Structures are given as structure tokens and as C-alpha cells.
Amino acid sequence: MLGSMDCMHWSWKNCPKAWHGQFHGQKKGSTIILEAVADQETWIWHAFFGMPGSLNDINVVNRSPLMNKIANGDLPPVQFVANGHTYNYGYYLADGI
Numbered sequence: 010m011l012g013s014m015d016c017m018h019w020s021w022k023n024c025p026k027a028w029h030g031q032f033h034g035q036k037k038g039s040t041i042i043l044e045a046v047a048d049q050e051t052w053i054w055h056a057f058f059g060m061p062g063s064l065n066d067i068n069v070v071n072r073s074p075l076m077n078k079i080a081n082g083d084l085p086p087v088q089f090v091a092n093g094h095t096y097n098y099g100y101y102l103a104d105g106i
């Protein structure tokens, strides 16, 4: 079972000068964004580094290959029941988005 999905912003101290504008983030200087999905035992099941551009967490999740699979219905079947209703796909909760 997947536990959580989150994005982390890292400062990129040695970013090439030509790329500074593309990787300008929420902090001063250049940043790179990592989207990761982990389970309760801290196994990383999915990782995606955001692409260049003015990206926040929502834009990174929108461009993620995992979210493309969810949107296209190309997922392994996972069936669970909540409040008497049967669901056929997993539930993804993204913190802070």
C-alpha cells in the first residue's frame, strides 16, 4: 500500500549560469523539485524530478508519469471498501497541495 506522495524543493548551489532562470524556485537561487511516493516502511515506489520551468508542486504532479497513468486508467487493480462503497483504484492523498 502506498503511504504518501510529496514534493521537496532542494537548493541547487552549483546550477549552471545558463539554467538559473529555468530553475528559479520558491527560495533564493536555483532549486530542483523531487516528487516521491513512499509506503509505510519508507520504500520509495516512485520518484520524479521536476522539469525546467516555473514549477510549483501542483505543476510537477501534473507532469508526473505516475499521474499520467492514473488519468489514463493504466494502473494495477486495487479494490477496497470505504463506508460501504467499493473502489477499484487506489486513493492518492498528496500533502500540502
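Position 86 (the sequence shown) corresponds to 95 in the working numbering; numbering is contiguous.
Positions of the beta carbon are idealized from the N, C-alpha and C atoms, including for glycine.
Here the structure is a predicted model, which is why all the values come from computation and not from measurement.
### Message
Quick check on residue 90: buried or exposed, where buried means 16 or more other Cβ atoms within 10 Å of its Cβ?
### Response
By the 10 Å Cβ count, residue 90 comes out exposed.
### Query
Using a Cβ-Cβ distance under 7 Å, would residue 19 count as near chain D?
In summary, chain D is missing from the structure at hand, where a single protein chain is found.
### Query
Looking at the structure shown, is residue 87 part of a helix, part of a strand, or coil, going by DSSP?
coil
### Query
With 16 as the cutoff for other CB atoms within 10 Å, does residue 50 come out buried or exposed?
Answer is exposed; the Cβ neighbour count stays below 16.
### Query
Would you call the CB atoms of residue 87 and residue 16 closer than 7 Å?
no
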